[in-house]
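Per numbering that gives the first Met the number 0, the very first residue in the sequence shown carries number 0; after that it's consecutive. From the three backbone atoms N, C-alpha and C, an ideal C-beta is built for every residue, glycine too. Predicted model only: the values in this text are computed from it and were never measured. The structure appears below as C-alpha cells.
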Amino acid sequence: MPKNILFQLDVDPHPSSFDAVVAVDAGVDHLLQYGSVQADSVEPLVHGAMFTRGGDDLKNTALFVGGNDVVKAEAIFRSVQKAFFGPVRVSVMLDASGCNTTAAAAVASASKHITLDGCTAVVLGGTGPVGRRVAQMLARQNANVFLTSRSLNRAETACKEIGEQVRTGNLEAAAPENEDSKKTLLEKADVIIACGAAGVELVSKERMLDLPKLRVAIDLNAVPPAGLGGIEAFDKAKRLHDDREDSAVAYGPIGVGGLKMRTHKAAVAKLFTSNSLVLDADEIYDLTMEQMNR
Ligand SMILES: NC(=O)c1ccc[n+]([C@@H]2O[C@H](COP(=O)([O-])OP(=O)(O)OC[C@H]3O[C@@H](n4cnc5c(N)ncnc54)[C@H](OP(=O)(O)O)[C@@H]3O)[C@@H](O)[C@H]2O)c1
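Right, here's the structure in full:
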C-alpha cells in the first residue's frame, strides 16, 4: 500500500503549523511543505505530484492549498487545476485561513436550529474570505442573504462574485450607515452570522437582546471584544436570553470550532479516497453536514 503524501502549498513563507498538525492527525504519512508558493510557478510542483505515481496509486498523493492571503490561495487553487492533464490528476482542497471549514461549520450549526431554505440571514463583515463563503453556503441552501460591509460598493462586488458561483437564494448588499439603518436590517434576520475582522464589535449586546425575530446568532471572532455583544467564545447553542425558552440560540467561535476541526480532518482524509476530488466551499459544506449528523 503506497504511503499517503500531502503537498501543503502555502502562500506564506512558513507554511501553516496549524494545517500541518491537522494533516498529521488526519492520517497523512508524509507531509511535504512548501512556503511562498505562487500561482504562476506552482505547475512544476503539481506535475511532480501527479506524474510520479500512476493508476490507482495516484489517489495516495494529494494537495492542500492554504495560507493567510485567501485571494492568493484561490489563484493557486485555480492554477493547480489548470496543471492537471484530464484524468492524470490528484485530489486538491482549499482551506486558506480556515475559510471553508469555518464558514461551513457556522452555516451547518445554524441549520440545526432553523430551516435555511427561505430564511433571512444577515452576514456581517461579509466581504472577507469567511463571510463570502458563509454567504455562498447560505444562498446555496436557498436563504435570503443580506451581506454587509462598511462600503456598499464592496458589498455589491462580493454579492456579484458570489452570485456567479451560486444560482439559488437571494443575495443583497447592505452597508448600514447608522444605528437606525442597522437596527432595521437586523430586525429582519432569522439568522445573523458575524464574520467581521478579529477584535471588532459589530453589534452591541443591547441590540442583540432586542431582536424578537432572531433564531440563531453566530459570532466567528475569537479576539475580544466579541463581534456580537453578549456572545462568549465557548457558547454552543446557548440561549441569548438565559431565562427565555423561546430565545434565539448563540454560538461563539470556539462553539463552532469543534465541528470545524472534525470537518478539516475529515476533508484531508477524504482526499486520499480518490485522485479527482476538488474540495472547495460546496464540497466542504456537504462534508460538514455529514460530520454534524454522524
Ligand atoms: N473560529 C474559527 O475557527 C475561525 C477561523 C478563521 C477565521 N475566524 C474569524 O472569522 C472572522 C472572519 O475572518 P476573515 O478572515 O474573513 O476576516 P477579515 O477578512 O479580517 O475581515 C472580514 C471583514 O470585516 C470587515 N472589517 C474589517 N475591519 C473592520 C472594522 N474596524 N469595523 C467593521 N468591519 C470591519 C471588512 O469588511 P469591509 O471592509 O468590507 O467593511 C472585512 O472584509 C474573523 O474574526 C476571524 O478571526 C475564525
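The alpha helix (DSSP H) with isoleucine 253 in it runs from where to where? 252 to 270
Quick one: grab the DSSP three-state call for glutamate 171. strand
From what residue to what residue does the beta strand (DSSP E) around glycine 65 run? 60 to 65
Backbone secondary structure at lysine 2 - three-state DSSP: coil
Going by the DSSP bridge assignment, what does glutamine 32 pair with across the sheet? Gln7
Does any heavy atom of ligand 2 sit closer than 7 Å to the C-beta of threonine 126? Ligand 2 is not among the ligands present in this structure, which contains only ligand 1.
The alpha helix (DSSP H) enclosing aspartate 218, as first and last residue numbers: Note, aspartate 218: premise wrong, no alpha helix (DSSP H); beta strand (DSSP E) at 215 to 218.
Mark tyrosine 250 as exposed unless 16 or more other C-beta atoms lie within 10 angstroms of its C-beta, in which case mark it buried. buried
Buried versus exposed call for asparagine 220 [16 or more other C-beta atoms within 10 Å across all chains shown]: buried
Isoleucine 161 by DSSP, collapsed to three states: which one? helix
How many Å lie between proline 224 and valine 267 at the Cα? 32 Å
My understanding is that valine 190 touches leucine 227, with C-beta atoms under 8 Å, so please give their C-beta distance in whole angstroms. At roughly 12 Å, the Cβ-Cβ gap does not stay under 8 Å, so valine 190 and leucine 227 are not in contact.
Helix or strand or just coil, what does DSSP make of threonine 119? strand
When Val45, Gly257 and Leu8 are compared against alanine 105, the one with the closest alpha-carbon: Gly257
Taking the beta carbon of aspartate 234 as the centre, do at least 16 other beta carbons fall within 10 Å, making it buried, or is it exposed? buried
Valine 36 versus Ala196, Glu73 and Ile253, residue with shortest Cα-Cα distance: Glu73
Rounded distance between the beta-carbons of alanine 107 and valine 64, thought under 8 Å: Contact doesn't hold; Cβ gap of about 22 Å is too wide.
When DSSP labels each residue in this structure, what does phenylalanine 145 get in the three-state scheme? strand
Phenylalanine 84 - partner residues in DSSP beta bridges: Val87
Leucine 201 Cβ short of 7 Å to ligand 1 heavy atom set: yes
Closest by CA to alanine 265, which one among Gly254, Thr126, Ile253 and Glu289? Glu289
When Gly124, Gln140 and Leu137 are compared against glutamate 155, the one with the closest alpha-carbon: Gly124
Rounded to whole angstroms, what is the Cα-Cα separation between alanine 196 and cysteine 158? 19 Å
Using alpha carbons as the reference points, say which of Ile161, Val121 and Ile113 lies closest to isoleucine 192. Val121
Under the criterion of a Cβ to heavy atom distance below 7 Å, does valine 267 qualify as lining ligand 1? no
May I ask you to check if the CB of asparagine 294 is nearer than 7 Å to at least one heavy atom of ligand 1? Outside the displayed range of the chain (0 to 293) lies residue 294, so it cannot be described from this structure.
Starting from valine 190 and walking both ways along the beta strand (DSSP E), at which residues does that stretch end? 190 to 193
Bounding residues of the alpha helix (DSSP H) (the contiguous stretch that carries glycine 26): Note, glycine 26: premise wrong, no alpha helix (DSSP H); not H, not E.
Does the segment 76 to 93 come within contact of the segment 110 to 119, defined as at least 3 CB pairs closer than 8 Å? no
Contact under 8 Å by Cβ, glutamate 194 with valine 129: The sequence given here places cysteine at residue 194; glutamate does not occur at that position. Going by C-beta atoms, cysteine 194 is nearer than 8 Å to valine 129.
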